[in-house]
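Chemist: If you use the numbering used here, the sequence shown corresponds to residues 516 to 772, in order. Cβ atoms here follow ideal geometry from the backbone N, Cα and C, with glycine treated the same way.
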Amino acid sequence: MIKLRLLCLLGFLTFSLNAQMKFSNQKYPTYFGICASPVIPTNFIGAKATYFEDTTGAMQTTFTNKVGYTFGGIIRIGLTKNISIETGLSQVRRIYNAQVNIPDSGIYRNQELAFVNYDVPINGMIHVQLDRKWFMNANLGIAINHYPSDVRDSIIVGQGKSIYVEGRRTNRTYFSMNAGIGFEYRTEKSGIIYIGAGAKVPFRPTLFGVSIFNQSGTGNKIVAYKPIIAGYFTIDLRYYLPNQKNRNITFPKGPIE
Numbered sequence: 516m517i518k519l520r521l522l523c524l525l526g527f528l529t530f531s532l533n534a535q536m537k538f539s540n541q542k543y544p545t546y547f548g549i550c551a552s553p554v555i556p557t558n559f560i561g562a563k564a565t566y567f568e569d570t571t572g573a574m575q576t577t578f579t580n581k582v583g584y585t586f587g588g589i590i591r592i593g594l595t596k597n598i599s600i601e602t603g604l605s606q607v608r609r610i611y612n613a614q615v616n617i618p619d620s621g622i623y624r625n626q627e628l629a630f631v632n633y634d635v636p637i638n639g640m641i642h643v644q645l646d647r648k649w650f651m652n653a654n655l656g657i658a659i660n661h662y663p664s665d666v667r668d669s670i671i672v673g674q675g676k677s678i679y680v681e682g683r684r685t686n687r688t689y690f691s692m693n694a695g696i697g698f699e700y701r702t703e704k705s706g707i708i709y710i711g712a713g714a715k716v717p718f719r720p721t722l723f724g725v726s727i728f729n730q731s732g733t734g735n736k737i738v739a740y741k742p743i744i745a746g747y748f749t750i751d752l753r754y755y756l757p758n759q760k761n762r763n764i765t766f767p768k769g770p771i772e
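1. Sorted by chain position, which residues of the same chain lie with C-beta nearer than 7 angstroms to Gly-706's C-beta, five sequence neighbours on each side aside?
2. Indicate whether Asn-654 and Gly-621 have their beta-carbon atoms separated by less than 8 angstroms.
3. To the nearest angstrom, how far is it from the Cα of Asn-693 to the Cα of Tyr-740?
4. Hey, could you find the ends of the beta strand (DSSP E) Pro-553 is sitting in?
5. CB-CB under 7 angstroms to His-661, same chain, minus the five flanking residues each way: which ones, in chain order?
6. Between the segment 607-624 and the segment 636-648, do at least 3 Cβ pairs fall closer than 8 angstroms?
7. For Leu-752, which residues from the same chain have a beta carbon less than 8 angstroms from its beta carbon, with the 5 sequence-adjacent residues on both sides left out?
8. Where does Asp-665 fall in DSSP's three states?
9. Quick check on DSSP: helix, strand or coil for Ser-620?
10. Taking C-alpha atoms, which residue in Thr-595, Phe-690, Gly-713, Thr-721 lies nearest to Thr-585?
11. Please report how far the alpha carbon of Thr-779 lies from the alpha carbon of Thr-721, in whole angstroms.
12. In this structure, what does DSSP give as the bridge partners for Gly-711?
13. Closer than 6 angstroms by C-beta to Ile-517: which residues in its own chain qualify, once you throw out the five before and the five after it? Chain order, please.
14. Short of 6 angstroms in beta carbon distance, which residues of its chain neighbour Tyr-546, apart from the five on each side in sequence? Order them along the chain.
15. Please classify Thr-529: does DSSP put it in a helix, a strand, or coil?
16. So is Gly-779 buried or exposed if we call it buried at 16+ other beta carbons inside 10 Å?
17. Please report how far the alpha carbon of Phe-579 lies from the alpha carbon of Val-725, in whole angstroms.
18. Could you tell me the distance, in whole angstroms, from the CA atom of Asp-569 to the CA atom of Ile-737?
19. Around the Cβ of Glu-703, are there at least 16 other Cβ atoms within 10 angstroms (buried) or fewer (exposed)?
20. In this structure, what does DSSP give as the bridge partners for Thr-576?
This is the structure we're talking about:
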């Protein structure tokens, strides 16, 4: 899995740099950049905590969304002086704390789960020039989000007793809406530095929170689950490499013409 991620990242970097060189002499150039952002859960566009019970109410479970992170590569393609399209590939790591309580059995346990997915955003961007080097940006678009697998972990709570907590995908691939606003500082030799804020809103729940209490040898099993809405805010940090302009190089004449 790690080798596959490295190969994908290397391929993306190679493609991006080739694209940057190809379009660098156009009037509205293409830029390649890197981005990193903390993923901040919020109740405004998602559920910071999701509570659910089994049908009897014997087991109570809470999935609490904690701060995660995202990082990746981006390509900005200029269309006009003030409009561009941006896309790329990012890895998103979401972290949940699963708290499971069974009061009648005196069981109170928690377990951390990490969900990894991959985003391919497609955003339209508008740039407003504030100064010679300062610009304000606003962007809006969609993202293709891919979850490679479900996540599961177990908690041993006693002799023959165990709790399983899971994050089950509703689908492997789904779509979400992106929006953001920020400011950037542009230089010809050092590239572009951007800082801003963004939001991602899935069009539907992306996963189910699941808890299972199992007591071996008795056939006693308690199951609870609920869909989780996983919208979040980000604080976006980006750096775009300086545009590589093709240079006309003249080689000196050799002794053989």
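Modeler: Short version:
1. Taking the sequence shown and counting its residues from 1, one reaches residue 706 at position 191. Excluding sequence neighbours, Gly-706 sits near Tyr-754, Tyr-755, Leu-756, Pro-757.
2. Stepping through the sequence shown from its first residue, residue 654 is reached at position 139. Stepping through the sequence shown from its first residue, residue 621 is reached at position 106. No, the Cβ-Cβ distance between Asn-654 and Gly-621 is not below 8 angstroms.
3. Taking the sequence shown and counting its residues from 1, one reaches residue 693 at position 178. Taking the sequence shown and counting its residues from 1, one reaches residue 740 at position 225. Distance between the alpha carbons of Asn-693 and Tyr-740: 28 angstroms.
4. Translated into the one-based positions of the sequence shown, residue 553 becomes position 38. In the DSSP annotation of this structure, the continuous segment of the beta strand (DSSP E) that includes Pro-553 starts and ends at 545-556.
5. The sequence position of residue 661 within the sequence shown is 146, counting from 1. Result list for His-661: Asn-632, Tyr-633, Arg-687, Thr-688, in chain order.
6. no
7. Residue 752 sits at position 237 when you count from the first residue of the sequence shown. Here the set comprises Cys-550, Ala-551, Ser-552, Tyr-709, Ile-710.
8. The residue you call residue 665 lines up with position 150 of the sequence shown. Coil, per DSSP.
9. Counting from 1 along the sequence shown, the entry for residue 620 is found at position 105. Residue state, collapsed to three classes: helix.
10. Taking the sequence shown and counting its residues from 1, one reaches residue 585 at position 70. Cα-wise, what sits closest to Thr-585 is Gly-713.
11. Residue 779 is absent from the model: the chain starts at 516 and stops at 772.
12. Residue numbering aside, residue 711 sits at position 196 when the sequence shown is read from its first letter. Partner(s): Gly-697, Asp-751.
13. For this step, residue 517 is matched to residue 2 along the sequence shown. Per-residue confidence for Ile-517 stands at a pLDDT of 43, beneath the threshold of 50, marking its modelled position as unreliable; no derived number is given.
14. Here residue 546 refers to the residue found at position 31 of the sequence shown. Cβ-Cβ distances below 6 angstroms link Tyr-546 to Arg-591, Tyr-755 in the same chain, with the five nearest sequence neighbours on each side left out; the list follows chain order.
15. Taking the first residue of the sequence shown as 1, we reach residue 529 at position 14. The predicted position of Thr-529 is uncertain, since its pLDDT is 48 and thus under 50; no value can be drawn from it.
16. The chain is shown only over 516 to 772; residue 779 falls outside these bounds and no answer can be derived.
17. Start at 1 with the first residue of the sequence shown, and residue 579 comes out as number 64. Start at 1 with the first residue of the sequence shown, and residue 725 comes out as number 210. For the record, residue 579 in the displayed sequence is Thr; it is not Phe. Those two C-alpha atoms are separated by around 13 angstroms.
18. As a first step, residue 569 is located in the sequence shown; it is residue number 54 there, counting from the start. As a first step, residue 737 is located in the sequence shown; it is residue number 222 there, counting from the start. Spanning the two alpha carbons is a distance of roughly 7 angstroms.
19. Working through the sequence shown from its first residue, we reach residue 703 at position 188. So Glu-703 counts as exposed.
20. Position 61 of the sequence shown holds residue 576. Bridge partners of Thr-576: Phe-567, Val-615.
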